[in-house]
Amino acid sequence: SQQGEEDPQALSIQEGENATMNCSYKTSINNLQWYRQNSGRGLVHLILIRSNEREKHSGRLRVTLDTSKKSSSLLITASRAADTASYFCATGEPGSNYKLTFGKGTLLTVNP
Amino acid sequence: NAGVTQTPKFQVLKTGQSMTLQCAQDMNHEYMSWYRQDPGMGLRLIHYSVGAGITDQGEVPNGYNVSRSTTEDFPLRLLSAAPSQTSVYFCASSPMTGSTYEQYFGPGTRLTVT
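These protein sequence lines map, in sequence, to chains A and B. Taking the numbering used here, I'd label the letters of the first sequence as residues 1 to 112. Taking the numbering used here, I'd label the letters of the second sequence as residues 1001 to 1114.
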């Protein structure tokens, strides 16, 4: 069963705007990762946040984690057309940080 | 490094045929896994391996076999293809040292079963 559920399913914004995607999960986790998938390609790892962390930054990416609400958000600032892709959250189950469970993803379209 | 490679890129099978999807990585990663991705769905774990000679089932293992005789290779076998196995298959690998837990994905194999 899917552990993570992203929201919204699709998001369309203009270049330069910020994009926020949310992920909710059901059980306790050791870590939560975000991946990007360009159309027809494999997934690329973006960022990982551990269960004892609340916020993490990497370039234009900001990830937050609220374990009490079992939710995470991914913020992409100053979006570019090249950010157009599907974004997935993936959770590592307790006892196995490598056995990931993926959500269904958010399709982000950044219009030039 | 080539990273994670998958062959073939595309394949069409008839119901009942068998085939092997190849996956190789040149990063000396211990962990390797197979996922399938269906339209509107995330990735679902089929099988995984934490090292040569060690494999285990994921969420959707029925109809698939795997083996891991070397660190580099992790083939996925479809025993008797069914239309429900039409999907895009991704192989991924990860080092089991350090603390990044990042997985590296191959480009995928698009399989159609008629």
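Backbone N, C-alpha and C define an ideal beta-carbon position, used for all residues, glycine too. Predicted model, so just to flag it, every value in this text is computed and none were measured.
Residue-level contact check: K69 (chain A) does not touch chain B, since none of the beta carbons of chain B fall below 8 Å from its beta carbon. Under DSSP, N1028 (chain B) forms no beta bridge with any residue.
Within the stretch 1025 to 1047 of chain B, the residues whose Cβ lies closer than 8 Å to any Cβ of chain A are, in chain order, Y1031, S1033, Y1035, G1040, M1041, G1042, L1043, R1044 and L1045. Boundaries of the beta strand (DSSP E) around Y1048 (chain B): L1043 to G1051. Taking the Cα positions, Y1035 (chain B) is about 12 Å away from P1075 (chain B).
Residue pairing for D1056 (chain B): DSSP places it in a beta bridge opposite B:Y1048. Note that the C-beta distance between F1090 (chain B) and Q1025 (chain B) is not below 8 Å.
Of the other Cβ atoms in all chains shown, fewer than 16 fall within 10 Å of the Cβ of A10 (chain A); this residue is therefore exposed. Of all residues in the stretch 26 to 43 of chain A, the ones placed with a Cβ closer than 9 Å to any Cβ belonging to chain B are N30, N31, Q33, Y35, Q37, G40, R41, G42 and L43, in chain order.
The beta carbon of N97 (chain A) sits closer than 8 Å to some beta carbon of chain B.
Less than 8 Å divides the Cβ of R54 (chain A) from the Cβ of L65 (chain A). Taken atom to atom, the span from the alpha-carbon of I29 (chain A) to that of K69 (chain A) is near 12 Å. Non-local beta-carbon contacts of A81 (chain A) in its own chain, meaning distances under 7 Å to residues more than five positions away in sequence, involve E15, V110 and P112 in chain order. If you look at D7 (chain A), you'll find it in the beta strand (DSSP E) that goes E5 to D7.
Within the same chain, and ignoring the five residues on either side of D1073 (chain B) in sequence, the residues whose Cβ sits closer than 8 Å to its Cβ are Q1022, C1023 and A1024. With at least 16 other beta carbons inside 10 angstroms of its own, G1058 (chain B) counts as buried.
The contact set of Y1064 (chain B) on chain A, defined by CB atoms closer than 9 Å, is empty, because the minimum CB distance reaches about 16 Å.
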